[in-house]
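Input: a single structure, listed below in structure tokens.
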Amino acid sequence: MGLLDAAITKHNVLVTSVDNVLNWARLSSLWPMGFGLACCAIEMMATNASNYDLERFGIFPRSSPRQSDLMIVAGTVTMKMAERVVRLYEQMPEPRYVLSMGSCSNCGGPYWEHGYHVLKGVDRIIPVDVYVPGCPPRPESLIGGLMKVQELIRMEQIGISRADALKKLAEKSADPKMVIQRERNAVSV
Ligand code: SF4
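Take a look at the structure:
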């Protein structure tokens with residue numbers, strides 16, 4: 054901030070594009086909807102607490118979907134709850150983002166085979182931008198996922214669709230097969 058102050062008081066000119074300014078403003082004020090579905094929500098609450106201090110990224114939960122631009126699906130999505138999740142998603146204004154937190158929300162988690170009452174992935178009812186694996190994911194993992202959402206916002210520009218931005222983001226991210234192999238090697242040592 055000191056540098057920025059100095060630049061302004063010396064009458065310098067900052068040149069950028071409208072896209073960059075808008076994206077910077079949006080990614081620096083990401084407001085997730087404050088709602089949780091099961092045990093993953095406890096980790097989400099811990100991430101919002103003072104130890105991890107999400108507000109330093111401009112991220113803090115809002116209690117209304119109409120003021121939120123990010124939905125963190127934290128927990129098991131039961132069939133009964135699925136309809137409510139869709140309703141909340143539809144109440145959010147565009148542009149909106151969805152982060153799926155934990156195995157339950159990603160693919161049904163421990164209920165994927167015999168849980169007749171559990172949706173096998175929230176992406177069956179709403180579009181998901183970023184998946185965070187784990188049961189439950191640690192706050193550090195959630196922060197990593199939130200930073201991916203910020204990266205996605207930074208990549209979105211006029212003329213570049215969300216799908217293209219997601220593709221670019223996936224290309225930049227670590228190959229999941231390599232990550233699995235590395236973890237297998239670490240376990241076998
Ligand atoms: S992924 Fe694990 S911790 Fe998260 S809601 Fe499902 S069972 Fe609970």
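If you count the sequence shown from 1, you need to add 53 to reach the numbering used here. Using N, Cα and C, we set each Cβ at its ideal position, and we do this for glycine too.
Item: Exposure label - Y150; buried when at least 16 CB within 10 Å; Value: buried
Item: Spatial neighbours of P192 in its chain, beta-carbon cut-off 7 Å, leaving aside the 5 residues before and after; Value: E96, A99, T100 and Y105
Item: C-alpha distance - L123 paired with I112, whole-angstrom precision; Value: 10 Å
Item: CB of I179 within 8 Å of CB of Y142, strictly; Value: yes
Item: The alpha helix (DSSP H) enclosing M145, as first and last residue numbers; Value: Careful: M145 lies outside any alpha helix (DSSP H) and carries neither H nor E.
Item: Under the three-state DSSP convention, the category L83 falls into; Value: coil
Item: Simplified DSSP state of T100, which is helix, strand or coil; Value: helix
Item: For I206 and N76, believed in contact at Cβ under 8 Å, the rounded distance; Value: 5 Å
Item: Residues that V171 bridges to, as DSSP identifies them; Value: T131
Item: Minimum Cβ-Cβ distance from R115 to chain B less than 8 Å; Value: Structure shown: chain B not included; a single protein chain is present.
Item: Selected residue, minimal CA-CA separation from E209, among M231, V74, G198 and H167; Value: V74
Item: Chain-ordered residues, beta carbon under 6 Å from a heavy atom of ligand 1; Value: A91, C92, C93, G128, T129, G155, S156, C157, G162, P163, C188 and P189
Item: Minimum C-alpha distance to L219 - residue among D182, A227, P114 and N238; Value: D182
Item: Bridge partner(s) assigned by DSSP for Q210; Value: I213
Item: C-alpha gap between G48 and D176, whole angstroms; Value: Residue 48 lies beyond the range of the chain shown here (54 to 242); nothing can be said about it.
Item: Minimum C-alpha distance to Q120 - residue among M86, V130, V126 and F110; Value: M86
Item: Test item: CB-CB of P308 and N159 under 8 Å; Value: In the structure as shown, the chain begins at 54 and stops at 242. Residue 308 is therefore absent and cannot be evaluated.
Item: CA-to-CA distance, T131 to S103, given in whole angstroms; Value: 31 Å
Item: Contacting residues, own chain, Cβ-Cβ under 8 Å from W84 (five flanking each side not counted); Value: I112, F113, P114, R115, Q120, S121, D122 and L123
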